[in-house]
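Colleague:
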Amino acid sequence: MDYTKQEGSPYPPAQPGYGQPMQQGYAQAPQMYAPNQPYGGGGYQPVVVQPGVPGHPPPMMGQPAPGGWMPIPQGIPNCPPGLEYLTAIDQLLVHQKVELLEAFTGFETANKYTIKNTLGQKVYWAAEDTGCCNRMCCGAARAFDMKIMDTFQNEVLHFNRPLRCSSCWFPCCLQTMEVTAPPGNVIGYVEQDWSILTPQFSIKDQNGQTVLKISGPFCTFSICGDVEFEVLSTNGSQVGKISKQWSGLGRELFTDADHFGINFPMDLDVRVKATLLGALFLIDYMFFEKSGNNEQDRPGMF
């Protein structure tokens, strides 16, 4: 039976090569094939594209991967496992997690951080590994191990800070940090240089050769806004910076959960980039970490 010719049909007969006519009150169905390629005969083939969920394109380089993690760059030669991310990055954002127990009671808890790129994709997450007595007795000056994990919870970086002094009155016992990747394989060091007025650091490779310098401001009071530490080449030209970013009045006054940013050249060796990340954590503990609810900021290096 030819249903297109039924008596009383409100629509004209269907034309060959076309779909059913659009009924009033209904939205048009999405087009699944390329223009000028009707579905069916005529030798045309539909465009082989799988329709995705609106607003959620397939993950690819430069777009968020499932879970908000940065896609892993592939085919990077001579790169420690897990540091491939750093080959495609010239800036990192480090966000410390707010610990409510610490904020309300002053009980020092182990610090935790999320490390992201400028697109907001997670690159690593970091967790402090220390004992309770160490945190409570030594405060911000405590020795610590910092574990840096990737999306698969593999430890790709390890920072070790021994218990030392940071004051200019003790030049023989200044701060240092060892950077290993993978854990157990030294790739660099961060060493505090003696200075009276401003914080000074050296970034060294695995052989102890200085490759970069870090110079901080005289005033590291975070209440003044952003605090910047310049990253300098060995000839004194600025090639990057480490910034302690203003987190808002409430967060600054009542917590030590800070926001940091770090910039470096895109073509910098990934081992040096990783060592600069270690310097960021050392700077956080030296100048912006609180003991209980007491601020540690001070002018100069006294």
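The opening residue of the sequence shown carries number 393 in this note's numbering; numbering runs sequentially from there.
Virtual Cβ for every residue (Gly too), placed ideally from N, Cα, C.
(1) K489 lies in the beta strand (DSSP E); which residues open and close that run?
(2) Quick one: residues in its chain with C-beta nearer than 6 Å to the C-beta of R556, no 5 flanking neighbours on either side, listed in chain order?
(3) When we look at the beta-carbon of T510 and count the other beta-carbons within 10 Å, is it buried (16 or more) or exposed?
(4) Return the chain-ordered list of same chain residues with a C-beta closer than 8 Å to the C-beta of P427, the five sequence neighbours on each side being excluded.
(5) Starting from the C-beta of G608, find all residues in its chain whose C-beta is less than 6 Å away, skip the five residues before and the five after it, and write them out in chain order.
(6) Could you say which of D676, L674, D659 lies nearest to Q483 if we only look at CA atoms?
(7) Give every residue of the same chain whose Cβ lies closer than 7 Å to the Cβ of D676, excluding the five residues on either side of it in the sequence, and list them in chain order.
(8) Go through its chain and collect everything with a Cβ distance to E476's Cβ below 7 Å, but skip five positions before and after it.
(9) If you drop the 5 nearest sequence neighbours on each side, which residues of the same chain put their C-beta closer than 7 Å to that of L674?
(10) What is the DSSP secondary structure of G653, counted as helix, strand or coil?
(11) Which of helix, strand or coil does DSSP assign to E476?
(12) Alpha carbon to alpha carbon, what distance is there between K514 and G447?
(13) Using only the alpha-carbon positions, how far apart do L604 and T626 sit?
(14) Can you tell me the Cβ-Cβ gap for K508 and L485, rounded? I've got them flagged as a contact below 8 Å.
(15) Can you check which of these residues, T543, S629, E500, is closest to G523 by C-alpha distance?
(16) Short of 6 Å in beta carbon distance, which residues of its chain neighbour M541, apart from the five on each side in sequence? Order them along the chain.
(17) Taking a contact to mean a Cβ-Cβ separation below 7 Å, would you say F593 touches A671 in this structure?
(18) Using DSSP with H/G/I as helix, E/B as strand and the rest coil, what is G462?
(19) Distance check for G474 and N577, CA to CA, integer angstroms please.
(20) Name the DSSP beta bridge partners of T506, please?
(21) Using the beta-carbon count (16 or more within 10 Å), is Q488 buried or exposed?
(22) With DSSP run on the structure shown, which of helix, strand or coil describes L589?
(23) Could you name the residues that DSSP lists as bridge partners for M658?
(24) Just reading off the beta strand (DSSP E) that M541 is part of, what are its end residues?
(25) Would you mind giving the Cβ-Cβ distance between N526 and A535, rounded to the nearest angstrom? I have them listed as a contact below 8 Å.
(26) In whole angstroms, what is the alpha-carbon distance linking L669 and G459?
(27) So what's D597 in DSSP terms, helix, strand or just coil?
(28) Go ahead and label D521 buried or exposed: buried means 16 or more other beta carbons lie within 10 angstroms of its beta carbon, across all protein chains shown.
Modeller: So, from the data block:
(1) Membership of K489 in any beta strand (DSSP E) is not indicated, and neither H nor E is assigned to it by DSSP.
(2) Contacts found: C565, Q567.
(3) T510 is classed as exposed because its beta carbon has fewer than 16 other beta carbons within 10 Å across all chains shown.
(4) In this prediction, P427 scores a pLDDT of 46, lower than 50, which makes its location untrustworthy; no coordinate-derived value is stated.
(5) Closer than 6 Å at the Cβ level, and outside the excluded window around G608, lie T590, P591, F621.
(6) Cα-wise, what sits closest to Q483 is D659.
(7) Same-chain partners within the cutoff: D650, F652.
(8) Closer than 7 Å at the Cβ level, and outside the excluded window around E476, lie I464, P465, I468.
(9) Its chain contains R553, Q567, M569, V582 as the residues whose beta carbon lies nearer than 7 Å to that of L674, once the 5 sequence neighbours on both sides are disregarded; these appear in chain order.
(10) For G653, the secondary structure class from DSSP, reduced to helix, strand or coil, is strand.
(11) In the structure shown, E476 falls within a helical segment according to DSSP collapsed to helix, strand and coil.
(12) Because G447 carries a pLDDT of 38, less than 50, the predicted location of this residue cannot be relied on, and the following value inherits that uncertainty. Approximately 20 Å, taken between the alpha carbons.
(13) Our two residues, L604 and T626, have alpha carbons roughly 6 Å apart in a direct line.
(14) The C-beta separation of K508 from L485 comes to about 5 Å, placing the pair in contact by the 8 Å criterion.
(15) Checking every option, the nearest Cα to that of G523 belongs to E500.
(16) Contacts found: W517, E547.
(17) Against a cut-off of 7 Å, the Cβ pair of A671 and F593 comes out as a contact.
(18) Going by the sequence as given, residue 462 is Met instead of Gly. In the three-state scheme derived from DSSP, where H, G and I count as helix and E and B as strand, M462 is classed as coil.
(19) Using only the alpha carbons, I get a separation of about 13 Å.
(20) Answer is H487, W517.
(21) Here Q488 is buried. Its C-beta has 16 or more other C-beta atoms within 10 Å.
(22) L589: coil per DSSP, three-state reduction.
(23) According to DSSP, M658 bridges with nothing at all.
(24) 536-541 is the span of the beta strand (DSSP E), which, as asked, contains M541.
(25) The Cβ separation is near 7 Å, so the contact holds.
(26) In a straight line, the C-alpha of L669 is about 23 Å away from that of G459.
(27) Looking at D597 - three-state DSSP - the assignment turns out to be strand.
(28) By the 10 Å Cβ count, D521 comes out exposed.
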